[in-house]
Ligand code: HEC
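Residue numbers (mature numbering (1 follows the signal peptide of the UniProt record, and there is no 0)): -24 to -1, 1 to 94.
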């Protein structure tokens, strides 16, 4: 009887703990933004810290749709975008994982310009 009880107690604890573990794995939108921002350090020389590029021939990324950004990065990685300045992007995109692309797309689609004088 006490064996059954301890099994019940064990199951109870496991069931109770499971949602907590799942919750601990989830990241907040703020954390997701910060992860993307860190990964974007290499991109900002061309696309700007806030995703607004300082060069006429380099596109702005700020506020762009996430799915579009991911699709564009995949296309560079797979050498499907090859026109014009695409060669500049291919070298960067080929090192990105799917997770990197999601993080970067999250960052650039959510970033805002903080100082409007710049
Ligand atoms: C050396 C400068 C440079 C760097 C560094 C760079 N890019 Fe780019 N990026 C460009 C240029 C130039 C284009 C336009 C290429 C073309 O004509 O297809 C572009 C295009 C893009 C596009 C497509 C935009 C659109 O509207 O279709 C995305 C998305 C992008 N870059 C993301 C990134 C990310 C993410 C990083 C960092 C991992 C990065 N870029 C690093 C120069 C750069």
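For glycine and all other residues, C-beta sits at the position ideal for the given N, C-alpha and C.
Quick check on residue i: does DSSP put it in helix, strand or coil?
{"i": "residue 4", "result": "coil"}
{"i": "residue 22", "result": "helix"}
{"i": "residue 86", "result": "helix"}
{"i": "residue 36", "result": "coil"}
Sort the options by Cα distance to residue i and report the nearest one.
{"i": "residue 42", "options": "12, 33, 59, 1", "result": "12"}
{"i": "residue 68", "options": "19, 5, 36", "result": "19"}
{"i": "residue 86", "options": "70, -19, 27", "result": "27"}
Would residue i and residue j be called neighbours here (beta carbons separated by less than 7 Å)?
{"i": "residue 30", "j": "residue 83", "result": "no"}
{"i": "residue 45", "j": "residue 23", "result": "no"}
{"i": "residue 66", "j": "residue 52", "result": "yes"}
Name the two residues that bound the continuous alpha helix (DSSP H) containing residue i.
{"i": "residue 27", "result": "Note, residue 27: premise wrong, no alpha helix (DSSP H); not H, not E."}
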